[in-house]
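Colleague: Handing you this structure, nothing more for now.
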Amino acid sequence: ELACPVGIVNIIHQAVHRSLLDFVFLIAMLSVAVGMFNLFPIPILDGGYALVYLWEGLTKKLPTEKTLNIAVNIGMYLLILLVVYATYSDAKRIFFKPKAAVAAQAAPEQAPAEAENVQE
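Structure, rendered in C-alpha cells:
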C-alpha cells in the first residue's frame, strides 16, 4: 500500500505499541524503501542521474540541456502526482473506512455471543 506521512506516522504508532523489535524493523524497512524508491529511473532522483550516466556511457555524449530539462519536469510532475495520490489514499482510508473494516471491528464483539450459542 502507498502511504503519505500521515499514514506512515499511523503505522509507526501501531508498531511502537506492539514492541520495540517491530518498531526497529519498521524503521529499517522504511529506510530500505526510501533507498529503493530513490533508485527509480525518474530524472529528479538518483536513479535518473544513473540513467543519464548510462546513456552517456553508451552513446559517448550527454543528452542536450533541453532534453534533460524536459525529463526533469516530467519526473517532477510524476512525483507530485504520486504524492497527491498517496495523500488521497490516506485521506480516503482515514475518513471513509471500507465496509469490510467496519464489519471486522464489529465481528470480535459478536464472536463471544456466537460461541455461547454453540456450546448450549
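So the working numbering is basically just the index in the sequence shown, starting at one, shifted up by 3.
Cβ coordinates follow ideal geometry from the N, Cα and C atoms, glycine included.
Every value quoted in this text rests on a predicted model; they were computed, and no experiment measured them.
1. Could you tell me which of Met-39, Ile-45, Phe-40, Asp-93 sits nearest to Val-9, measuring between CA atoms?
2. Grouping DSSP H, G and I as helix and E and B as strand, with all else coil, what is Ile-47?
3. Under the rule that 16 or more other beta-carbon atoms within 10 Å means buried, what is Gly-60, buried or exposed?
4. Looking at C-beta atoms only, is the number of pairs between the stretch 73 to 84 and the stretch 36 to 55 that lie closer than 8 Å three or more?
5. What residue range is occupied by the uninterrupted alpha helix (DSSP H) comprising Phe-99?
6. According to DSSP, is Leu-57 part of a helix, a strand, or is it coil?
7. What does the alpha-carbon distance come out to for the pair Thr-90 and Ala-6?
Modeller: Quick answer:
1. On the sequence shown, position 6 is the one that residue 9 refers to. Comparing Cα-Cα distances from Val-9 to each of Met-39, Ile-45, Phe-40, Asp-93, the minimum goes to Asp-93.
2. Mapped onto the sequence shown, residue 47 falls at position 44. DSSP places Ile-47 in coil when its eight states are reduced to three.
3. As a working note, residue 60 is residue 57 in the sequence shown. With fewer than 16 other Cβ atoms within 10 Å, it is exposed.
4. yes
5. Taking the first residue of the sequence shown as 1, we reach residue 99 at position 96. It is not in any alpha helix (DSSP H) - Phe-99 carries neither H nor E in the DSSP assignment.
6. As a first step, residue 57 must be located in the sequence shown, where it is residue number 54. Three-state result, Leu-57: helix.
7. What you label residue 90 is simply residue 87 of the sequence shown in a count that begins at 1. What you label residue 6 is simply residue 3 of the sequence shown in a count that begins at 1. If I take the Cα positions, the gap works out to 7 Å.
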